[in-house]
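Last residue of the sequence shown? That's 427 in our numbering, and every number before it is there in order.
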Amino acid sequence: MNSSTCKDSVELLLEYLDGELNTELKARLEQHLDGCSPCEDFLKSYQATPALCRKALAREMPREVAAKLTDFLRSEMAKAAK
Ligand SMILES: [Zn+2]
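In structure tokens form, the structure reads like this:
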């Protein structure tokens with residue numbers, strides 16, 4: 346059980362959607378979303394969701410999407426930290 350991993354990725358994604366992610370990471374995330382349909386689908390439904398419902402939707406992010414996003418974001422953050 347590693348629920349904090351999923352939570353981290355969701356919060357990063359929320360920062361991204363709020364425009365709070367740094368430019369480089371944001372560009373990489375967009376690039377990833379472009380080639381990853383589960384993440385792209387999630388993002389589309391998220392963007393179509395009224396703000397009040399968004400946190401709930403994020404909590405219900407499919408496990409597969411959360412895992413892919415987490416992998417992606419972690420590897421990018423590790424690169425950025427070097
Ligand atoms: Zn993805």
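The beta carbon of each residue, even a glycine, is placed where N, CA and C say it ideally should be.
(request) Check whether the segment 407–414 touches the segment 359–372, taking contact to mean three or more Cβ pairs, one atom from each stretch, closer than 8 Å. (result) no
(request) Can you list the residues near ligand 1, meaning Cβ strictly closer than 5 Å to any non-hydrogen atom, in the order they appear in the chain? (result) 381, 384, 413
(request) Please say whether residue 378 and residue 388 have beta carbons closer to each other than 8 Å? (result) A contact, by the Cβ cut-off of 8 Å.
(request) Confirm, please, whether the CB-CB distance from residue 391 to residue 402 is below 8 Å. (result) yes
(message) Pop quiz: residue 384 and residue 359 are said to be a contact at Cβ under 8 Å. What is the actual Cβ separation, rounded to whole angstroms?
(response) Actually they do not touch by this definition, with Cβ atoms about 14 Å apart.
(request) Identify whether residue 363 lies in helix, strand or coil by the three-state DSSP scheme. (result) coil
(message) Which same chain residues end up closer than 8 Å to residue 405 when comparing Cβ atoms and leaving out the 5 residues on each side of it in sequence?
(response) none
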